[in-house]
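Residue numbers (this note's numbering): 74 to 498.
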């Protein structure tokens, strides 16, 4: 079906029905009930992640998330996995630059069978040394394989330079020096520092008995124990000059990132940034049309962006033949300059907004997606209901708003990183 981009945007906000409870333990519980299907999703999130890693344990966040469900005082790894699987449930951990946490999904009827495991894992993970050694070895292999992947190399080198001196510049996978000798006590220390009731946000979405679930979360948070609510901010020096970094790698393609400092997670301009990215992205976006379709420069080309707690980045990635690298960089810079020089057309903006609103609506159909959005909004200081009102935040964005943001982002110093067998400058 062809969508008329000139028709008004029409989509009601999704119902939220969110209830918040601040527990005596310090934990925040957010409930979003939906009884249409007898399933539920629970997320536990804690600010920390890469931001809390010590200099002597680089890579401990990912290692912790990969071993978090490996054992408790009551059950070993095999018992946990078998019980979860036999009750048609799933339990996994996650970790990243800003946070760590647990994700749990189940059928309502099986929750009584599995909730003791969730409590034990959330409050009393043991990190058996055998599991730590095994996962550290796997993490080392990922590091080794990534060193041979130009896409990964160019991305990490870009992060090191655009966030120089900041925790975001660190490698999430860590370093061999730590992974070679990783100990259970290293992860237990990070766990104790991060997984506390004062630092916890617990979200449930789906079909549940609110009173019983709230009492259960009180027990879970009490078992965690008290601690510090994290929210440390880290200094980020401004980019004082544009930089070009080339890394030789014997590959048939050259991989390039041209990027700028972006915005924070709570910046009011984040919706306009979504629209700006959508204008550049996809097979109908400017980068594909100009660099791949018309100029035949790229195997792949796409805008990239991340919003962080202090700041983020925005830019573009391109993979091309080595002899086309110089022209590819030039044309990326031309496309950014076009955004500075002239506002996008109303048709471009409307097309981008319709795509984003549709994607947001589709993405929030599942309880697990809703719980995830609520969790990360809340722990990063955004209204937990905001994700359900995406339409309202984006519908009135105008070409002039995109033009203003583009000037603020792109009329500044940038970082250009290239990886391949030929320097493109």
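All C-beta atoms, glycine included, are put in the ideal place defined by N, C-alpha and C.
| Item | Value |
| --- | --- |
| Backbone secondary structure at residue 189 - three-state DSSP | helix |
| Span of the alpha helix (DSSP H) around residue 479 | 472 to 483 |
| CA nearest to the CA of residue 300, picked from 441, 269, 401 | 269 |
| Selected residue, minimal CA-CA separation from residue 198, among 309, 297, 456 | 297 |
| Residue 426 beta carbon less than 8 Å from that of residue 348 | yes |
| beta-carbon residue 416 near the ligand ADP non-hydrogen atom, thresh 7 Å | Among the ligands in the structure shown, none appear at all, so the ligand ADP cannot be discussed. |
| Cα-Cα separation between residue 155 and residue 184, rounded to whole angstroms | 15 Å |
| Close Cβ partners of residue 337 (< 7 Å) along its chain, the five nearest in sequence each way excluded | 380, 381, 382, 383, 384, 385 |
| For residue 223, the first and last residue of its enclosing alpha helix (DSSP H) | 223 to 235 |
| Whole-angstrom distance between residue 423 and residue 471, CA atom to CA atom | 9 Å |
| Nonlocal neighbours in the same chain, by C-beta distance under 8 Å from residue 306, ignoring five residues either side | 382, 383 |
| Sequence-distant residues of the same chain with beta carbon closer than 6 Å to residue 139, five excluded per side | 208 |
| DSSP-derived helix/strand/coil call for residue 171 | coil |
| For residue 334, three-class secondary structure by DSSP | strand |
| Where the beta strand (DSSP E) through residue 101 begins and ends | 101 to 106 |
| Close Cβ partners of residue 90 (< 7 Å) along its chain, the five nearest in sequence each way excluded | 105, 106 |
| Under 8 Å between C-beta atoms of residue 116 and residue 276 | yes |
| Segment contact flag, the segment 118 to 138 with the segment 170 to 187, C-beta cutoff 8 Å, min 3 pairs | yes |
| Cβ pair residue 429, residue 467 closer than 8 Å | yes |
| Backbone CA spacing between residue 195 and residue 439 [nearest angstrom] | 23 Å |
| Where residue 321 sits in the DSSP three-state scheme | strand |
| Coarse secondary structure for residue 395, derived from DSSP in three states | helix |
| Own chain residues within Cβ distance below 8 Å of residue 378, not counting five before or after | 335, 346, 350, 385, 386, 387, 388 |
| For residue 177, three-class secondary structure by DSSP | strand |
| Reduced DSSP category for residue 246 - H, G, I as helix; E, B as strand; rest coil | coil |
| Residue 121 to residue 181 span [Cα, whole Å] | 31 Å |
| Those residues which DSSP pairs with residue 95 across a bridge | 101 |
| Closest by C-alpha distance to residue 330, when choosing among 224, 280, 415 | 224 |
| Beta-carbon spacing of residue 234, residue 395 below 8 Å | no |
| Chain-order list of residues whose beta-carbon lies under 6 Å from that of residue 496 (same chain, five-residue window excluded) | 319 |
| C-alpha gap between residue 344 and residue 456, whole angstroms | 14 Å |
| Contact under 8 Å by Cβ, residue 143 with residue 200 | yes |
| Distance between residue 405 and residue 160 (C-alpha atoms, nearest Å) | 51 Å |
| Cβ-based neighbour list, residue 370, same chain, cut-off 7 Å, excluding 5 preceding and 5 following | 364, 393, 397, 400, 401, 404 |
| Per-residue DSSP class, three states only, for residue 184 | helix |
| N-terminal and C-terminal residue of the alpha helix (DSSP H) that residue 213 is part of | 202 to 219 |
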